[in-house]
Amino acid sequence: MPNERDARLMDEERSAAAFLAAVEKIQQSSPALTSTGAAILLAIHQDIATDSRSIANRLGLAHALVLREITSLSPRFLRVTKRDTRTQRSFLEVTVEGRALAASSSRI
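Residue numbers (the numbering used here): 8 to 115.
Pasting the structure below:
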């Protein structure tokens, strides 16, 4: 019988697998998006992280890479609501089109 730690690891693995499957589904729906762009869109939509620095940390990516993807996702799929000029941290929200695309990834 799995202990609490093993159960938590299994839950994390299932969550990660579900997230990656949703990213793949978003990419299939919108082939112009990179897997990184789809992951960023989904992370914001699912409230995993809503600013560029947190997204970079949660997804294990360089902040500069996340900022580059944000540029390609804006303004169609997401909107920058606030930007810290010193750190370049961008606070984000999905647009109506981005929300619809991200939501479609969870439909069967």
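Glycine residues also receive a C-beta, built at the ideal position from the N, C-alpha and C atoms.
- According to the DSSP secondary-structure assignment, Asp58 is paired through a beta bridge with Phe98.
- The three-state reading of DSSP puts Thr78 in helix, counting H, G and I together.
- In the structure shown, the three-state DSSP call for Leu49 is helix.
- Shown here for Gln95: same chain residues with a beta carbon closer than 8 angstroms to its own, the five before and five after excluded, namely Ser59, His70 and Leu74 in chain order.
- Leu108: member of the alpha helix (DSSP H) spanning Val103 to Ser111, first to last residue.
- In the three-state DSSP reduction, Thr43 falls in the helix class (H, G or I).
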